[in-house]
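This report concerns only the one structure given below.
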Amino acid sequence: MKPYVLLNSAMTVDGKIATENSSMKISCKKDLIRVHHLRKEFDAIMVGINTVLIDNPKLTIHKIEANKEENPVRIIVDSKARTPLDSLVLNNDAKTIILVSNEAPQENIDKLEKKSTVIVCGDNHVNLKEALNKLYDMGISSILLEGGSTLNFSMFKEELIDEISICIGSKILGGKKSKTFVDGEGFKQDECVKLELKGIEKIDEDVVLNYKVIYDH
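Under the numbering used here, the first residue of the sequence shown carries the number 43, and numbering increases by one thereafter.
Below, the structure is given as structure tokens:
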């Protein structure tokens, strides 16, 4: 068994989710509030190590009124245990779980264990299927994935995403170094992930699309 996973993201009309330095806000203020309402509904929120290193996010509910106890568990996919000890995700606002692989230096794991729960799963990289099974056994039944392009692709490849909620911001960014919604090696044409449109919502000048993810077996 694994947790239910909703991938939430925002991208420009041309499919970019971040500038090179991740400084541009893609969606409107009302969409950011929508995201924090989503965070309130899920047991945990998951990001990759690159998001932590570049953005240093809190990964808490702070755009709307909420008690500290309502913050979701923060999950970081960090194969080499590179999460800086002064990262905001290691503060006392919520519990944090860091997923690492056997490649992670024990010295880094020992330091991180003083501020978080560290789970080792996978050899060179975090084994995402194994990790989600362990998280489910720990009582986490739902995860809001706010991953970058690399983690998004890996989660799709392992068929771990159940639903997508994506805001299309009314912007065009362009640029070869701007991150796309999904990166990685890509799928073959006959292996692409299929989606079933479940809903459309207009928020100011942006549009939120909700999809069910369909995997062919």
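C-beta atoms are modelled at their ideal positions from N, C-alpha and C, and glycine is treated no differently. None of these values were measured; they are calculated from a predicted model.
As assigned by DSSP and simplified to three states, the class of Ala173: helix
If you compare alpha carbons, which of Gly57, Gly241, Ile245 and Leu130 is closest to Asn98? Leu130
Below 8 Å, how does it come out for the segment 79 to 94 and the segment 110 to 126: are there three or more Cβ pairs, yes or no? yes
Hey, Leu80 and Leu186: beta-carbon distance below 9 Å or not? yes
Would you check if there are 3 or more beta carbon pairs closer than 8 Å linking the segment 150 to 165 to the segment 189 to 205? no
Which residues share a DSSP beta bridge with Ile87? Arg116 and Leu186
Which residues does DSSP pair with Cys209 in a beta bridge? Ala52 and Val250
Judging by CA-CA distance, which residue of Asn133, Ile203 and Lys230 is the nearest neighbour of Pro45? Ile203
Which residue from Ser220, Asp179, Asn169 and Ile214 puts its Cα closest to that of Met197? Asn169
I think Asn109 touches Val77, with their Cβ atoms under 8 Å apart; what is that distance to the nearest whole Å? Wrong, their Cβ atoms sit about 18 Å apart, outside the cutoff.
Three or more C-beta pairs below 8 Å linking the segment 241 to 251 and the segment 219 to 232: no
Based on the DSSP secondary-structure assignment, which residues constitute the bridge partners of Gly241? Asn252
Rank Pro147, Phe195 and Ser207 by C-alpha distance to the C-alpha of Cys234 and give the top, closest one. Phe195
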